[in-house]
Amino acid sequence: IMNTIHGFERHGIQVRVFAASDYREKNNIGESPPSSRKSKPRKKNRIRSIISEARVRIKAKKLPRQLESDLEEFAPHCMYERSWIFSDGFIAIARKLDSLIILETSTCEAEIHQDIYGLFSVPLTNWREGRKLRRSDAVATQSSASVSVAREKFKLPPSLPVIAKPLSYEIPGSLPPRADLKAVD
2 IMNTIHGFER HGIQVRVFAA SDYREKNNIG ESPPSSRKSK PRKKNRIRSI
52 ISEARVRIKA KKLPRQLESD LEEFAPHCMY ERSWIFSDGF IAIARKLDSL
102 IILETSTCEA EIHQDIYGLF SVPLTNWREG RKLRRSDAVA TQSSASVSVA
152 REKFKLPPSL PVIAKPLSYE IPGSLPPRAD LKAVD
């Protein structure tokens, strides 16, 4: 995260960071005593997965009120969203504030986050990720090499810019002299 922030700043972009954890409601319930009964974790079946996904999506449609008011006060020219959690809410507020929205994907995110998304199918997860990305103004990927992979995998239109993240660190000086710098980039 810090590399991404420093990368933006090195390109002359002023960054204001909003972390999702700063806007979570605190749990006022004290720690409960350990349960004497041992319970087995439930198996995820398709119906539970669909219900779980629906709950997450409904919650994520709206940003926490305090985060929304902070964004309205800051009135950013552009928003860069690293996490899938609030991306639907960020897309909505970006449209409301007439701001640009850049969403990040790691190109293999669908496979990594299949369980976190709550979906039972990798193709369905890819479809969901692609749908989210197509609603943004630009897509950021992990590296230059993954730009074309992301474009193809998520069926992104040619008019949608897909860019590699602006990392702040330099290429190490210990590279072999004949190294292909394009491949390293």
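In our numbering, the protein residues as written are 2 to 186. From the three backbone atoms N, C-alpha and C, an ideal C-beta is built for every residue, glycine too.
Cβ-Cβ distance between residue i and residue j below 8 Å
i	j	result
A165	L157	no
K154	T108	yes
K133	L104	yes
V16	E10	yes
I92	S160	no
I94	E54	no
R83	I2	yes
N-terminal and C-terminal residue of the alpha helix (DSSP H) that residue i is part of
i	result
T5	3 to 11
T108	Neither: T108 is in no alpha helix (DSSP H) and is coded neither H nor E.
A151	148 to 154
C-alpha distance - residue i paired with residue j, whole-angstrom precision
i	j	result
I102	Y24	20 Å
P124	S22	30 Å
E74	R129	31 Å
S100	V148	23 Å
N127	H12	31 Å
S88	I52	19 Å
A146	P162	15 Å
R66	V140	26 Å
K97	I48	34 Å
S122	S50	10 Å
V185	T142	Unreliable positioning characterises V185 in this predicted model, as indicated by a pLDDT of 44, which lies under 50. The coordinate reading is nonetheless provided below. The alpha-carbon atoms of V185 and T142 are separated by roughly 15 Å.
R56	A20	21 Å
R135	M80	15 Å
G8	N46	42 Å
P77	L64	16 Å
G131	G90	16 Å
D71	S144	31 Å
As assigned by DSSP and simplified to three states, the class of residue i
i	result
I102	strand
A165	strand
V16	coil
A1	One cannot answer for residue 1 here, as it falls past the ends of the chain, which runs 2 to 186.
P124	helix
R136	coil
K63	coil
S160	coil
F91	helix
D186	Summary for D186: the model assigns pLDDT 43, below 50, so the residue's position carries little reliability, and this model does not support an answer.
E69	helix
Residues that DSSP places opposite residue i in a beta bridge
i	result
C79	L101
Near the ligand MG: residue i beta-carbon under 7 Å from a heavy atom
i	result
M3	The ligand MG is not among the ligands present in this structure, which contains no ligands whatsoever.
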